[in-house]
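The block underneath contains the structure these notes are about, expressed in structure tokens.
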Amino acid sequence: MAATATFSLRSLPSNQWLHKLRTRTATASVRSHSFTTLASLSPVEDTEDIQLNVNSKEMVQETVPSTSNNNNNDKSKKPYFPKRGQTLELVCESLAFKGKGVCKVADTGFVLMCDRALPGERFIGRVTRKRENYAEVKKLKTLTRHLDYVEAPCEHASHCGGCKTQSLSYEAQLRAKEQQVRDLVVHVGKFSDREPVFADAMKPIVPCDIQFHYRNKMEFSFGAKGWVPAEQLQDDTEGSRYALGLHAPGCFDKILNVNKCLLQSDSGNEVLEAVQGCWRDPELGLSPYDVHSHSGFLKHLMLRTGRNVETGLPELMVNFVTSSYNPECLRPIVEKIAAIPEVVSIVNNVNTSIGNTSVGEKEYTLYGKSTITEILRGLTFQISANSFFQTNTHQAEILYKLIEDCAFLKGDGSEIVLDLFCGTGTIGLTLAKRVKHVYGFEVVAQAVSDARQNAKLNCIDNATFIEGDLNKIDLNFASNLPTPDIVITDPNRPGMHIKLINFLLKLKATRIVYVSCNPATCARDLNYLCYGVPEQNIEGHYRLSSLQPVDMFPHTPHIECVCLLELR
Ligand SMILES: C[S@@+](CC[C@H](N)C(=O)[O-])C[C@H]1O[C@@H](n2cnc3c(N)ncnc32)[C@H](O)[C@@H]1O
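The following block contains the structure:
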């Protein structure tokens, strides 16, 4: 597995690109696309403001010069940069990080990013925001459908914020995700894709065999104001204003009513259907929480699916998040869903704050158990309403196997493993049987307590879980622990703090397995660990031996990566 050479040096000083990371990652993945389509943009009148419900045929005939008539080689034309509010005809070239469609001005290469535009799609869009290096566009009307089109099986696919790429074939989704990781590692991480060693390290994306019903946790929100797609507006009645479903894209206060979600289990959908069938009944006197007036009772409905350890059958937890404690009000609905055989736990998180969080100040068990169980890599995990657990259990098995493979454990029980950002301890615990000791660090107290509980449940006594903020470590961090041989680090989206990078570069563990849910910050951190931070006189000591993208969440823009760094 060891690579024999390091990658070529990056061209920017790291503090400069670190500061620019936020803006650059949005556009970085578009610069090296092999896609060569030109003429991807035709300006319409500057002042034109096209409404969603305008008939597109008329609109295009009247206002949009055809792309083929747009002479991009005409040198007399001034370089073109769009203005805010301008309406344009665009062709999406590729998908960038976070799943936005990338379009470019043909003669200037200026980048426009559009939510829900897919490669090959020709559409009318309006410039909504100009950023330093690119502009954001809102899609108004599709003129020609994207490439690799498939019929989306979900009725909500074109509006729901959850699955944005359901109508793109799964193979095309995988290609796009793999390309995004490659582009970010080259442009943000500054690794050279011309080095043969890069080709060895960069692995093809691991697909997810199960592309629907893979999520073990879904959180739906109750809303006083349902969001209805423009084309369905006339069918809407006052009675359907209350909604239970998912947030409309970009709206904190508007809910798209969802009767069935294809990402969750069948039993999850059975519960959703049962709740949808009764919660609006005036006799129950239930009201959705209104985020503007801060009145109303029902905030969220969280559904978690686990497995009974003895039978292997699915078991379900239903969590009602409410603004006050009133079990009598919930009783009829609780009785109804308790009759569904898979439901083994119904809890009530009471959250009196005006915020949107689903974690209650107090939790009450209304029916059955207060936790459910799940099996992962042969271990049993107890999951409570608010504990973190990988949301795609099937693919987590594969992810954890990849992590274990990257760790190259000797298996003789001699090694010390540091499990950073350990959550409920799942990664460290799956390795514990083969090592001397696991030390896990995590900031959330409840997760640390769950990790300790999970160790006990699985009779593991060589794992220690420590509560602490890894963004605030000092020079004494971990100095009282035996020197780790292997570090597993699994930060959340912002990646690792520079203090932690510095600690790891001083520690010089033989291997670091970096698990990431954000390829942009991952690319940045890989650069630091390999090339150092010259401005701070920090030297890099690692080589990137393997970078494995994993698709944990089909139809969404999320990408997971498992990277192996070996000490040079
Ligand atoms: C992506 S999750 C990984 C969890 C775990 N490794 C797993 O696979 O289930 C990231 C974890 O890092 C924790 N975390 C976030 N910021 C942290 C910080 N500054 N210090 C310590 N832990 C942090 C989160 O609470 C979360 O549990």
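Take the sequence shown: its letters are residues 1 to 568, numbered as in UniProt numbering. For each residue, glycine too, the CB sits at the ideal point set by N, CA and C. If you're wondering where the values come from, they're calculated on a predicted model, not measured in any experiment.
1. Where does residue 155 fall in DSSP's three states?
2. Following a CB-centred definition, is residue 427 positioned closer than 7 Å to any heavy atom of ligand 1?
3. Label residue 389 either buried or exposed according to how many other C-beta atoms from any shown protein chain fall within 10 Å of its C-beta, with 16 as the threshold for buried.
4. Would you report the Cα separation of residue 534 and residue 543, rounded to the nearest angstrom?
5. Thinking residue 163 and residue 555 are a contact (beta carbons under 8 Å), I'd like their distance in whole angstroms, please.
6. So, using beta-carbon positions, are residue 91 and residue 113 closer together than 8 Å?
7. Does ligand 1 have a heavy atom nearer than 7 Å to the CB of residue 564?
8. Evaluate residue 381 with the Cβ neighbour count: other Cβ atoms within 10 Å of its Cβ, from every protein chain shown; 16 or more gives buried, anything less gives exposed.
9. Going by alpha carbons, who is nearest to residue 309 out of 372, 399, 143, 486?
10. Starting from the N-terminal side, write out each stretch of the beta strand (DSSP E) that is 3 residues or longer and does not extend beyond the UniProt domain "TRAM" (81 to 141).
11. Quick one: residues in its chain with C-beta nearer than 6 Å to the C-beta of residue 434, no 5 flanking neighbours on either side, listed in chain order?
12. Less than 7 Å between the CB of residue 447 and some heavy atom of ligand 1, yes or no?
13. Please find out if some non-hydrogen atom of ligand 1 comes closer than 7 Å to the beta-carbon of residue 335.
14. Please state whether DSSP places residue 170 in a helix, a strand or coil.
15. By the 10 Å Cβ neighbour count, where 16 or more other Cβ atoms means buried, how is residue 224 classified, buried or exposed?
16. With burial defined as no fewer than 16 other Cβ atoms inside 10 Å of the residue's Cβ, what is the status of residue 29: buried or exposed?
17. Considering only DSSP beta bridges, list what residue 298 is partnered with.
18. Once the 5 residues before and after residue 152 are set aside, which same chain residues still bring their CB inside 6 Å of it?
19. Can residue 441 be considered in contact with ligand 1, in the sense that its beta carbon sits closer than 7 Å to one or more heavy atoms?
20. Counting beta carbon pairs with one atom in the segment 340 to 348 and one in the segment 320 to 330, are three or more of them shorter than 8 Å?
21. So what does DSSP say about residue 437, is it helix, strand or coil?
22. Using only the heavy atoms of ligand 1, determine whether one of them is closer than 7 Å to the beta carbon of residue 388.
23. For residue 252, which option in 229, 221, 271 has the closest C-alpha, if you only look at C-alpha atoms?
24. Quick one: is residue 97 buried, meaning 16 or more other Cβ sit within 10 Å of its Cβ, or exposed?
25. Which class does residue 225 belong to by DSSP, given the choice of helix, strand or coil?
26. Verify whether the separation of the beta carbon atoms of residue 286 and residue 297 is less than 8 Å.
27. If I measure Cβ to Cβ from residue 202 and keep anything under 7 Å in the same chain, skipping five residues before and after, which residues do I get?
28. So is residue 475 buried or exposed if we call it buried at 16+ other beta carbons inside 10 Å?
29. Could you check what DSSP says for residue 364 in three-state terms: helix, strand or coil?
30. Ends of the beta strand (DSSP E) at residue 561?
31. Between which residues of its own chain and residue 386 is the CB-CB distance below 6 Å, once the five residues before and five after are set aside?
32. Using the C-alpha atoms, what's the distance from residue 264 back to residue 324?
33. For residue 83 and residue 104, I'd like the C-alpha separation in whole angstroms.
34. Can we count residue 92 as close to ligand 1, meaning its CB is less than 7 Å from some heavy atom?
35. What would DSSP say about residue 214, mapped onto helix, strand or coil?
36. Which of helix, strand or coil does DSSP assign to residue 544?
According to the data block:
1. Residue state for residue 155 is assigned as coil, using DSSP reduced to three classes.
2. Residue 427 has its Cβ nearer than 7 Å to a heavy atom of ligand 1.
3. Per the 10 Å Cβ criterion, buried.
4. Roughly 17 Å between the two C-alpha positions.
5. Between residue 555 and residue 163 the Cβ distance is about 4 Å, and since that is below 8 Å, they are a contact.
6. No, these two residues do not count as a Cβ contact at 8 Å.
7. Residue 564: no, Cβ never under 7 Å from ligand 1.
8. The residue is buried, with at least 16 neighbouring Cβ atoms inside 10 Å.
9. It is 372.
10. Fully enclosed beta strand (DSSP E) runs of 3 or longer: 87 to 91, 101 to 104, 111 to 114, 122 to 130.
11. Taken in chain order, the residues that qualify are 409, 411.
12. Yes, Cβ of residue 447 sits closer than 7 Å to a heavy atom of ligand 1.
13. Flag unset: Cβ of residue 335 not near ligand 1.
14. Correct three-state label for residue 170: helix.
15. Classification for residue 224: buried.
16. Residue placement at residue 29 is poorly supported in this model, since its pLDDT is 37, which falls under 50; the coordinates still yield a value, given next. Its Cβ being crowded by 16 or more others within 10 Å, residue 29 is buried.
17. DSSP lists 288, 322 as partners of residue 298.
18. Answer for residue 152: 166, 167, listed in chain order.
19. Indeed, a heavy atom of ligand 1 lies less than 7 Å from the Cβ.
20. Under the Cβ criterion (8 Å, minimum of three pairs), the segment 320 to 330 counts as touching the segment 340 to 348.
21. Here residue 437 sits in strand by DSSP.
22. At least one heavy atom of ligand 1 lies less than 7 Å from the C-beta of residue 388.
23. The residue from 229, 221, 271 with its alpha-carbon nearest to that of residue 252 is 221.
24. Buried: at least 16 other Cβ atoms inside 10 Å.
25. Coil at residue 225, not helix or strand.
26. Contact: yes.
27. Around residue 202: 182, 547.
28. Looking at its Cβ environment, which holds fewer than 16 other Cβ atoms inside 10 Å, residue 475 is exposed.
29. Secondary structure of residue 364 (DSSP, three-state): strand.
30. Residues 560 to 567.
31. The answer, listed in chain order, is 359.
32. Taken atom to atom, the span from the alpha-carbon of residue 324 to that of residue 264 is near 28 Å.
33. The alpha-carbon atoms of residue 83 and residue 104 are separated by roughly 14 Å.
34. Checking the Cβ of residue 92 against ligand 1 gives no.
35. Residue 214: coil per DSSP, three-state reduction.
36. When secondary structure is reduced to three states using DSSP, residue 544 falls in the strand class.
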